[in-house]
Amino acid sequence: MRRTASLVLLACAVFFAALSPLLRWYAFPRLAKIPANQYQDMVLVAKNATLLDYGTMKAKKVPQVTIVQTLKGDVAAAKRIEETAGRDVVVWDGLSYVQGPDGKMVSEIPERYIFDAHSQEPVHATGEMVDGDPVKRDGIEFKWPFLTEKRDYEYFDAQTRTTNPIHYKGTRTFRGVEVYYFEQTIPWTKVPMPKKMPVQGITPESVAKTGTTRWYTTVRRFWVEPVTGAPVYGEETHQEELRGGTLLGGRAKVTAFAGDVKMREDYIEHTIALVKHNRTLVLLMTSYLPWGFLSLGIALLALALWLEALGRRPADPQPVAASAPEPVSA
Amino acid sequence: MRALIAAATGLTLAVVLVVTISALGSPAGETSPKPLLTTVPSHP
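Residue numbers (our numbering), protein chains in the order written: chain A, 3 to 332; chain B, 4 to 47.
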């Protein structure tokens with residue numbers, strides 16, 4: 003009976019001990035992924051920003067500019083691309099909608115970002131674009147990979163349509179969450195006019211005819227929770243200028259937008275709560291369950307060996323029956 | 004010999020379980036009906 007029990011315990015011990023590395027290095031890389039149907043929005047604000055008044059073509063101070071960023075996963079497009087790519091793919095349709103203090107649209111830039119659901123590496127397929135222009139991303143955008151490392155990453159900049167390094171600048175604590183801080187500086191670069199301009203009748207083509215060009219620079223900062231790879235906070239020091247051409251009435255340049263763009267407070271709290279929840283799920287697969295199963299396996303193995311040892315111990319000697327003394331003959 | 008069989012059984016069950024769960028994955032779901040926003044939401 004003891005022998006059978008120790009064999010069952012041994013099988014269970016091996017089962018749990020084997021589950022530990024299998025879960026961490028086989029199941030986790032396959033199961034941890036961005037869902038194809040993800041939908042999320044984000045609101046960022048730039049207080050006391052400078053904004054171009056297209057009526058007078060002069061820059062003016064405004065109390066607030068709001069940026070609404072939406073990301074929406076296209077499941078059907080992801081399935082189509084997966085058939086040829088041979089891996090799990092996410093297709094994000096994004097919209098950066100910028101609203102002035104009067105509630106009117108300042109700019110509206112759509113984009114399509116296609117990436118590997120597990121590693122967040124860009125996947126190149128028809129439809130990848132920014133504001134209608136086909137692009138080829140070589141770096142991440144919006145989110146870092148699961149188990150983010152303390153190193154520089156390549157990050158795609160939608161305005162310049164280029165990929166540049168985003169530098170790891172250290173580990174910090176942001177509202178009780180340990181985060182990796184990343185920073186990227188995009189130097190002044192000539193960028194395309196948005197396809198949708200804030201004034202009716204003005205198009206990128208009509209602006210191009212005047213010889214006026216659009217320039218942009220930004221310092222982008224992200225506080226990334228390393229287990230999930232999700233930024234818990236982000237901000238940008240963003241500047242745009244129109245330069246040259248007849249549109250500016252002889253001026254060399256005019257500020258189109260300048261401001262410190264930061265996440266709105268309620269979105270910061272919401273993001274932190276979401277990231278903390280997802281962090282627990284990732285840690286369950288990378289740490290809690292593997293270590294728990296390994297400990298359980300070792301305990302069961304010890305129990306199995308103990309039972310086995312008990313089963314092999316020689317039986318206690320039988321008590322010798324006391325025999326009556328035989329008479330001794332003299 | 005019996006101990007070896009017991010260990011192999013445990014190992015096989017673990018591999019089968021993990022491979023099955025990994026192969027099943029999670030359902031992709033449907034594309035959200037919510038639009039790309041052109042208004043400022045009042046809360047997340």
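C-beta atoms are modelled at their ideal positions from N, C-alpha and C, and glycine is treated no differently.
F18/A is the residue among L291/A, F18/A and R4/A whose C-alpha sits nearest the C-alpha of L303/A. Two segments are said to touch when three or more pairs of C-beta atoms, one from each, lie closer than 8 Å; by this definition the region 225 to 241 of chain A touches the region 260 to 270 of chain A. A direct Cα-to-Cα measurement between A87/A and V77/A gives close to 15 Å.
G313/A: member of the alpha helix (DSSP H) spanning L291 to R314, first to last residue. In this structure, the CA atom of Y155/A is about 16 Å from the CA atom of V125/A. DSSP places R26/A in the helix class (H, G or I) of the three-state scheme. For E243/A, the uninterrupted beta strand (DSSP E) segment begins and ends at A232 to R245.
In this structure, the straight-line span from the alpha carbon of G251/A to that of K62/A is close to 17 Å.
Interface criterion not met: the Cβ of P103/A is under 8 Å from no Cβ in chain B. Looking from the CA of Q186/A, the closest CA among R222/A, A119/A and V226/A belongs to R222/A.
Under the three-pair Cβ rule at 8 Å, the region 30 to 40 of chain B counts as touching the region 80 to 97 of chain A. Contact between M287/A and F117/A is absent: CB atoms are separated by about 21 Å, not below the 8 Å threshold. Counting only runs of at least 4 residues, the region 68 to 154 of chain A fully encloses the following alpha helix (DSSP H) elements, listed from N- to C-terminal order: 77 to 87.
Remark: fewer than three beta-carbon pairs, one from each stretch, lie closer than 8 Å, so the region 55 to 75 of chain A and the region 269 to 283 of chain A are not flagged as touching. Closest in C-alpha terms to T219/A, from the list P206/A, T212/A, Q202/A and I188/A, comes I188/A.
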